[in-house]
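S.K.:
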Amino acid sequence: AKTGIIEPDRTTEKYLQERILDYTLDEYWSSDEDANFSNIRHYDISELEPQIACPHNVDNVKNVTDVEGTKLDQVFIGSCTNGRFEDIEVAAKIIGDEKVAETTRLLIIPASKTEYLKALKAGYIEQLIESGAIVQSACCGPCMGGSFGLLGDGEVGLATSNRNFRGREGSPESFVYLSSPATAAASALKGEITDPRKI
3 AKTGIIEPDR TTEKYLQERI LDYTLDEYWS SDEDANFSNI RHYDISELEP QIACPHNVDN
63 VKNVTDVEGT KLDQVFIGSC TNGRFEDIEV AAKIIGDEKV AETTRLLIIP ASKTEYLKAL
123 KAGYIEQLIE SGAIVQSACC GPCMGGSFGL LGDGEVGLAT SNRNFRGREG SPESFVYLSS
183 PATAAASALK GEITDPRKI
């Protein structure tokens with residue numbers, strides 16, 4: 003399946019109320035009480051390791067430990083999928099007062115002006131710049147291959163964006179992995195794909 007519709011909860015309502023004037027969660031779609039399903043599955047994710055999508059497909063998923071040590075030219079934390087304040091906060095807390103690996107570029111692109119300002123006021127933007135990160139204004143950046151942060155031939159990138167198809171972030175001869183902001187931040191410190199649980 004490529005799409006799943008999940009009934010909203012109070013956490014979702016609170017998130018939307020903070021962003022949309024006069025928002026109320028009066029009506030929403032949910033399954034009927036007597037709905038029939040062809041299949042119901044339950045998953046225990048308590049033992050799930052950090053995951054990573056490997057080149058060149060979002061479905062090419064492995065445990066981070068399976069590709070740990072892969073050298074990285076660039077780490078991109080941001081985009082509409084993982085450029086929220088909470089994502090930048092996770093990255094800043096993992097990186098702390100350390101420096102990004104000299105062999106790796108770290109790009110931070112907040113998802114919106116609002117998220118950028120929240121991270122700026124919290125001190126995370128300054129902290130990340132001091133660690134060696136390059137911070138760009140809110141935009142798609144390398145995610146759509148449009149501008150800032152494009153990968154060259156043979157370069158390997160790790161991104162928190164939502165697509166890693168061939169040529170999506172620059173050269174068709176580049177390689178893009180997709181991960182969580184925690185994995186991305188840990189990897190930027192080491193210059194290679196790193197399990198964030200080890201930092």
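Under the numbering used here, the first residue of the sequence shown carries the number 3, and numbering increases by one thereafter. C-beta atoms are modelled at their ideal positions from N, C-alpha and C, and glycine is treated no differently.
1) Could you say which of Gly71, Leu50, Lys73 lies nearest to Asn65 if we only look at CA atoms?
2) May I have a chain-ordered list of the beta strand (DSSP E) segments no shorter than 3 residues that lie completely inside the stretch 80 to 136?
3) In this structure, how does DSSP classify Gln138 when only helix, strand and coil are distinguished?
4) Rank Val158, Ser139, Arg86 by C-alpha distance to the C-alpha of Asp75 and give the top, closest one.
5) How should Ala37 be labelled, buried or exposed, when 16 other C-beta atoms within 10 angstroms of its C-beta is the threshold for buried?
6) To which residues of the same chain is Ser81 closer than 8 Å at the C-beta, ignoring the five residues directly before and after it?
7) May I ask you to list the residues that DSSP assigns as paired with Tyr230?
8) Give me the residue from Ile8, Thr14, Asp24 with the minimum Cα distance to Asp34.
9) Within 10 angstroms of the Cβ of Lys192, are there 16 or more other Cβ atoms? Answer buried if so, exposed if not.
10) Nearest-angstrom Cα distance between Pro198 and Ile136?
11) With DSSP as the reference, label Glu70 as helix, strand or coil.
12) Within a Cβ cutoff of 8 Å, which residues of the same chain sit near Val63, ignoring the five residues on either side of it in sequence?
13) Alpha carbons only, please: which of Tyr179, Ile201, Ala186 is nearest the one belonging to Val60?
14) For Asn65, list the residues DSSP reports as bridge partners.
M.R.: Well, looking at it:
1) Counting from 1 along the sequence shown, the entry for residue 65 is found at position 63. Selected option, being the one with the closest Cα: Leu50.
2) Counting only runs that start and end inside the stretch 80 to 136, the beta strand (DSSP E) elements of at least 3 residues fall at 107 to 111.
3) On the sequence shown, position 136 is the one that residue 138 refers to. Coil, per DSSP.
4) Against the sequence shown, residue 75 aligns to sequence position 73. Closest by alpha carbon: Val158.
5) Stepping through the sequence shown from its first residue, residue 37 is reached at position 35. Exposed, since its Cβ has fewer than 16 Cβ neighbours within 10 Å.
6) Stepping through the sequence shown from its first residue, residue 81 is reached at position 79. Its chain contains Ile111, Ala113, Cys142, Gly143, Cys145, Ala161, Thr162, Ser163, Asn164 as the residues whose beta carbon lies nearer than 8 Å to that of Ser81, once the 5 sequence neighbours on both sides are disregarded; these appear in chain order.
7) No answer is possible for residue 230: the residues shown for the chain start at 3 and end at 201.
8) Along the sequence shown, read from residue 1 onward, the residue named residue 34 stands at position 32. Minimum Cα-Cα distance from Asp34 among the listed residues Ile8, Thr14, Asp24 corresponds to Ile8.
9) Locating residue 192 in the sequence shown gives position 190, counting from the first residue. Lys192 comes out buried.
10) For the purposes of this step, residue 198 is taken as the residue at position 196 of the sequence shown. For the purposes of this step, residue 136 is taken as the residue at position 134 of the sequence shown. Cα to Cα, Pro198 sits roughly 21 Å from Ile136.
11) Here residue 70 is taken as the residue at index 68 of the sequence shown, counted from 1. DSSP places Glu70 in coil when its eight states are reduced to three.
12) Residue numbering aside, residue 63 sits at position 61 when the sequence shown is read from its first letter. Correct list, in chain order: Gln53, Ile54, Ala55, Cys56.
13) On the sequence shown, position 58 is the one that residue 60 refers to. Minimum Cα distance to Val60 is reached at Tyr179.
14) The residue given as residue 65 occupies position 63 in the sequence shown. Residue pairing by DSSP places Asn65 opposite Gln53 in a beta bridge.
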